[in-house]
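I have placed the structure first, in the form of structure tokens, so that the comments after it can refer back to it.
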Amino acid sequence: MTDASQNAGPMLAADGTPLKQSLARSLRRQKLRALLLISPLLLFVMFSFIVPIASMLFRSVENGMVAETLPLTVEALQSWDTQSGELPEEAVYDAFVRDMVVAVENKEHTRLGSRLNYEETGMSSLFRKSGRKLKKMDPETDGPFKEQLIEIHEGWGDPQTWSVIKTHSPAVTNGYFLNAVDMRRTPEGAQSQPEDKRILIKLFGRTLFMSLVITASCILLAYPVSYLLATLPMRVSNLLMILVLLPFWTSLLVRTSAWKVMLQQQGVINETLVWLGLVADDARLIIINNQIGTIIAMTHILLPFMILPMYSVMQTIPPTYTRAAKSMGATNWTTFWRIYFPQSIPGIGAGSILVFILAIGYYITPEIVGGTKGVFISNRIAYHISSSLNWGLAAALGTILLAVVLLLYWVYDKIVGIDNVKLG
Amino acid sequence: MTETSNDAAFVEFQRVQKSYDGEILVVKDLNLALPKGEFLTMLGPSGSGKTTCLMMLAGFETATHGEILLDGRPINNIPPHKRGIGMVFQNYALFPHMTVAENLSFPLEVRKMGKSDREAKVKRALDMVQMGEFGGRRPAQLSGGQQQRIALSRALVFEPELVLMDEPLGALDKQLREHMQFEITRLAHELGITTVYVTHDQTEALTMSDRVAVFDDGRIQQLAPPDQLYEEPENSFVAQFIGENNTLEGVVKSIDGDTCLVQLDDGSEIDAVPINVHKAGERTKVSIRPERVEFNKDRLHADAHTLKATVKEFIYMGDVFRFRMSVAGNDEFIVKTRNAPDAVRLAPGQEIEIGWLAQDCRALDA
């Protein structure tokens, strides 16, 4: 027993400094080295991945445009009650013209128009058309403006227009998130979208449901294959493994297009079935441009991601377990179900998480073979990013998708336990 | 080596052959019969076919040719789970996702035994290996020796009449291994089980078995009780494989009843017992155990042949002294003496004369 261990105080090193401190010092160099080694990747990931994603996600709540483009108007609108049903005072119109002259000068009014158009159709053209005429006005001399504006476009005589501007003036908004769950921000608070505009919740539901179906069919198809790969002699299983990995050598686009050829009504499968007489010529199967098409194509494309973790887990299950069970009198089925299957669950878990998370964010395949009924939420996100340019909504949808994945991951951890996931 | 089949045999191999690829026989013409209650060890280097034999008996491999009989019934076509043979595997094969008690309960469950019976039997089997308190643990929470005990009691819990063990002690350290050797033999004899034990460790084979079958090259080279195996090896493979052995090569000069004269390659002559040499002029390997070599002339017969030896090395091993000598051209000639009060410590470089009793020196095949 040394003196140090008998004392109640902290353990001391030979030179009297606390042991923890001198341990930390001796490890510092090592840690610094490790940090240096990963720093290029860390920086790359920071600037190419984390920063862009964070800024993209931030767009889902960012809403500075109204307040930046129309600062005076937003201030003047503060005293106006959206519920009154009356038009705002002259002061608001005056402030609006002053703001718009600057905005038109800087060509910002059309951008504002399209931003507000997400909330209320017609706003884009209202701003564009009024812009040209407003440009000629001089805020100092040409007032009062209320009548003039209403004359330029009757939209300015509708309290709804001003209500939209005021509702969306705060710099941070939950509007995009409300839109993402089929609701909208109104002067009276959050309300459901009209019936015909409620598509996103349904799309989220469909995405989750179809991802589950795809994951399940991947499990069913991959399990026997992985079992075979894991039990065959190494030489044969390596050969078969190449066949499993073969799809990775072909472009995703090519594989998906191939499914288009296979599945369409005049395609290989239908033609064969008709030729065999299994299906009547006028009753060809519709297996593309709908959910079935998406499920078939995505199951095929994601299958290797299920086989690989399953295989690597099954490979670590020694054959002696099955032998031991049989020597104790268990039939083949009992041996499989009580001994082999429970030990292969970590592989199923790892494969399922991988496939499900990949499926939930899949874009190209549903786009090509999904038609309108088989598209996923990510196709909608892509639409908002590249066509409607409603990046705020796209960001909100993306954030929700991320949250759902994390939530499912958490649920999975609670039920199966993340320690049970093995990739090899 | 053939064993005549008899009606009392509990396990019997009849002319069994096994090939995996259709070109090479891994097991060549195996004949072996065990009476009930015997502890038989299959001993041999890796690749000698001993594990294949065990697997054929358990039913995990099928014999290419020949019959295997269990209690008089041929079992070639009976699947492993219907043979009712207990088995202990090299790495224990305890199911990692079950507790110790569940592991033991498994063979009883598949036999559709009632819950209370199962619990009673599991408890008894655990107590039998002094592991009564560990029923709730997982195998991963146990030490190697404890896992070994559980594997043993799991193989015994359903009361099989035949238990097979495939190098069950290979993963344990020396002390634990020795303890478990004793434990296993005690249990086997107490319960009256017939045991077939596979190992490549000769100490294990000698200390545990009623009889040992030495395997090499797909054949049983010798089947004998341990003492006979050690003291009377029937061929040079067995002599080399079992225990430490000194080999001197030479030619048989003459055979006279149960002694023969062998001229070693350096010209010197010694007496030996002819075991499988048959006529003068044959080449032979002469085998002498290190502890039977004597360099104290007083203890030798007056007419005993002696050889010149040069001490090369002295190794102190505590209970014994071990000398490496150069004898008749063999630099690896080992001599052992007990560390007695009057024991002589020879120094390297010393030249002495060594000799032995003719009956301890066996002329075997070359």
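Order-wise, the sequence lines are chains A and B. Quick note: the first sequence uses this note's numbering, first residue 65, plus one each step. Quick note: the second sequence uses this note's numbering, first residue 1210, plus one each step. Quick reminder that beta carbons are idealized off the backbone N, C-alpha and C, glycines included. All values derive from a computational prediction rather than experimental measurement.
Three-state class that DSSP yields for residue i in the structure shown
i: alanine 1513(B); result: coil
i: lysine 1488(B); result: coil
i: alanine 1329(B); result: helix
i: glutamate 1162(B); result: Because chain B is modelled from 1210 through 1575, residue 1162(B) falls outside the range shown and cannot be assessed.
i: arginine 13(A); result: With chain A running from 65 to 488 in the structure shown, residue 13(A) is simply not present.
i: threonine 1539(B); result: The sequence given here places asparagine at residue 1539(B); threonine does not occur at that position. Asparagine 1539(B) falls in the strand class under three-state DSSP.
i: threonine 225(A); result: helix
i: glutamate 1221(B); result: strand
i: glutamate 1413(B); result: helix
i: isoleucine 1294(B); result: strand
i: glycine 1341(B); result: helix
i: threonine 185(A); result: coil
i: aspartate 1425(B); result: strand
i: glycine 1353(B); result: helix
i: proline 1499(B); result: helix
i: valine 480(A); result: coil
i: threonine 1403(B); result: strand
i: aspartate 202(A); result: coil
i: proline 116(A); result: helix
i: arginine 248(A); result: strand
i: alanine 1433(B); result: strand
i: glycine 1587(B); result: Since the displayed chain B opens at 1210 and closes at 1575, residue 1587(B) lies outside it and no answer follows.
i: valine 1319(B); result: coil
i: valine 439(A); result: coil
i: histidine 1274(B); result: strand
i: threonine 380(A); result: coil
Chain A contact for residue i (CB, 7 Å cutoff)
i: arginine 1320(B); result: yes
i: arginine 1487(B); result: Position check: residue 1487(B) holds histidine in this sequence, whereas arginine was assumed. False, the Cβ-Cβ gap to chain A never drops below 7 Å.
i: histidine 1274(B); result: no
i: histidine 1290(B); result: yes
i: phenylalanine 1269(B); result: yes
i: proline 1316(B); result: yes
i: histidine 1306(B); result: yes
i: alanine 1302(B); result: yes
i: phenylalanine 1219(B); result: no
i: methionine 1265(B); result: no
i: methionine 1251(B); result: no
i: isoleucine 1543(B); result: no
i: methionine 1296(B); result: yes
Residue environment, residue i, which counts as buried when at least 16 other CB atoms sit within 10 Å
i: threonine 336(A); result: exposed
i: methionine 110(A); result: exposed
i: tryptophan 226(A); result: buried
i: asparagine 334(A); result: buried
i: leucine 366(A); result: buried
i: valine 228(A); result: buried
i: glutamate 172(A); result: buried
i: asparagine 170(A); result: exposed
i: aspartate 206(A); result: exposed
i: phenylalanine 122(A); result: exposed
Residue i at chain B interface by Cβ criterion, 7 Å
i: glycine 393(A); result: yes
i: isoleucine 482(A); result: no
Integer-rounded CB distance, given that residue j should sit under 8 Å from residue i
i: glutamate 1221(B); j: alanine 1242(B); result: 5 Å
i: methionine 362(A); j: glycine 411(A); result: In fact, because the Cβ distance is near 20 Å, the residues do not count as touching under 8 Å.
i: glycine 357(A); j: glycine 434(A); result: 6 Å
i: lysine 199(A); j: valine 168(A); result: 5 Å
i: arginine 248(A); j: threonine 237(A); result: That belief does not hold up - the Cβ atoms of arginine 248(A) and threonine 237(A) are roughly 11 Å apart, past 8 Å.
i: glutamine 1390(B); j: leucine 1378(B); result: 7 Å
i: histidine 1274(B); j: valine 1225(B); result: 7 Å
Check: residue i C-beta below 6 Å from any heavy atom of the ligand FAD
i: tyrosine 240(A); result: Because no ligand of any kind appears in the structure shown, any question about the ligand FAD cannot be addressed here.
Closer than 9 Å, Cβ to any Cβ of chain B: which residues of the region 399 to 426 of chain A, in chain order? Thr399, Arg402, Ile403, Pro406, Gln407 and Ile409
Would you list, in chain order, the members of the region 374 to 391 of chain A that have their beta-carbon closer than 8 Å to a beta-carbon of chain B? Listed by position along the chain: Pro382, Thr384, Tyr385, Arg387, Ala388, Ala389, Lys390 and Ser391.
Any residues in the region 1330 to 1357 of chain B with a beta carbon nearer than 9 Å to a beta carbon of chain A? Which ones, in chain order? none
Please identify, using Cβ separations under 7 Å, the residues of the region 1363 to 1374 of chain B that lie next to chain A, in order along the chain. The region 1363 to 1374 of chain B vs chain A, Cβ under 7 Å: Phe1367.
Return the residues of the region 1220 to 1248 of chain B that lie within a Cβ-Cβ distance of less than 9 Å from chain A, sorted by chain order. none
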